[in-house]
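Residue numbers (my numbering): 1 to 172. Cβ coordinates follow ideal geometry from the N, Cα and C atoms, glycine included.
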């Protein structure tokens with residue numbers, strides 16, 4: 001039922017760290033270690049998730065890739081290990097989003113936000129999901145606050161957050 005509200009709703013309710021397949025609503029929990037600190041920079045312009053997927057398919061077809069033959073990507077064991085141990089440098093090196101090129105092609109100003117994140121000191125910046133939010137990985141909570149301050153000074157309103165091993169909790 002939660003999936004009818006959007007693919008990110010089941011994840012938000014489950015919480016923790018998970019791998020999503022399909023629309024992103026079929027979730028498998030993965031072991032997570034210490035919290036990872038992030039700065040999220042939303043873009044006021046919207047992007048349609050189905051349109052971003054279609055754009056990626058078009059870009060792949062234009063590169064001669066048979067999109068009907070593509071299989072679901074596997075998450076590298078090294079990335080799962082880096083998440084489990086809280087190794088920010090390895091997470092930054094291994095994290096990847098196939099949808100980023102399509103999202104940036106559809107909303108080119110996202111490239112400016114990615115560059116702004118790097119200039120602000122992020123360990124790695126990348127489009128979150130199908131966009132238009134950009135996720136900037138930080139070394140620590142203090143580092144995340146510094147990145148957010150620099151981004152806001154550069155005209156990019158941002159939100160500091162961190163990973164959690166629990167989902168949404170409702171209390172009376």
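Self-check item: Residue from 156, 36, 165 and 110 with nearest C-alpha to residue 143
Solution: As a first step, residue 143 must be located in the chain shown, where it is residue number 143. Closest by alpha carbon: 36.
Quiz item: When burial is assigned at 16 or more other CB atoms within 10 Å of the CB, is residue 117 buried or exposed?
Solution: Residue numbering aside, residue 117 sits at position 117 when the chain shown is read from its first letter. It counts as buried.
Quiz item: So who's on the other strand from residue 20, going by DSSP bridges?
Solution: As a first step, residue 20 is located in the chain shown; it is residue number 20 there, counting from the start. Looking at the DSSP output, residue 20 bridges to 27.
Practice problem: Express the C-alpha separation of residue 107 and residue 133 in angstroms, rounding to a whole number. | Solution: The residue given as residue 133 occupies position 133 in the chain shown. The residue given as residue 107 occupies position 107 in the chain shown. Cα to Cα, the separation comes out at about 11 Å.
Quiz item: What first and last residue would you give for the alpha helix (DSSP H) that runs through residue 147?
Solution: Indexing the chain shown from 1 puts residue 147 at position 147. Following the DSSP letters along the chain, one finds residue 147 inside the alpha helix (DSSP H) bounded by residues 141-153.
Quiz item: Quick one: Cα of residue 120 to Cα of residue 129, how far?
Solution: Here residue 120 refers to the residue found at position 120 when the chain shown is read from its first residue. Here residue 129 refers to the residue found at position 129 when the chain shown is read from its first residue. Those two C-alpha atoms are separated by around 21 Å.
Quiz item: So residue 114 packs on residue 125, CB below 8 Å; how close in whole Å?
Solution: Position 114 of the chain shown holds residue 114. Position 125 of the chain shown holds residue 125. Yes, they are in contact, since the Cβ atoms of residue 114 and residue 125 sit about 5 Å apart, within 8 Å.
Quiz item: Quick one, which of 83, 122 and 102 has its alpha-carbon nearest residue 49's?
Solution: Taking the first residue of the chain shown as position 1, residue 49 is located at position 49. Check the Cα spacing between residue 49 and each of 83, 122 and 102: the tightest is with 102.
Quiz prompt | Bridge-paired residues (DSSP) for residue 138 | solution = As a working mapping, residue 138 is identified with position 138 in the chain shown. Paired residues: 37.
Exercise. Going by CA-CA distance only, name the one from 38, 59, 64 and 84 that's closest to residue 18.
Key: Working through the chain shown from its first residue, we reach residue 18 at position 18. Checked all of 38, 59, 64 and 84; the closest Cα to residue 18 is 84.
Quiz prompt | Touching by the beta-carbon criterion (3+ pairs, under 8 Å), the stretch 157-167 and the stretch 39-49 | solution = Judged by Cβ distances under 8 Å, the stretch 157-167 makes contact with the stretch 39-49, as three or more pairs qualify.
Self-check item: For residue 151 and residue 173, the rounded distance between their alpha carbons
Solution: Nothing about residue 173 can be reported from this structure: the residues present for the chain run from 1 to 172 only.
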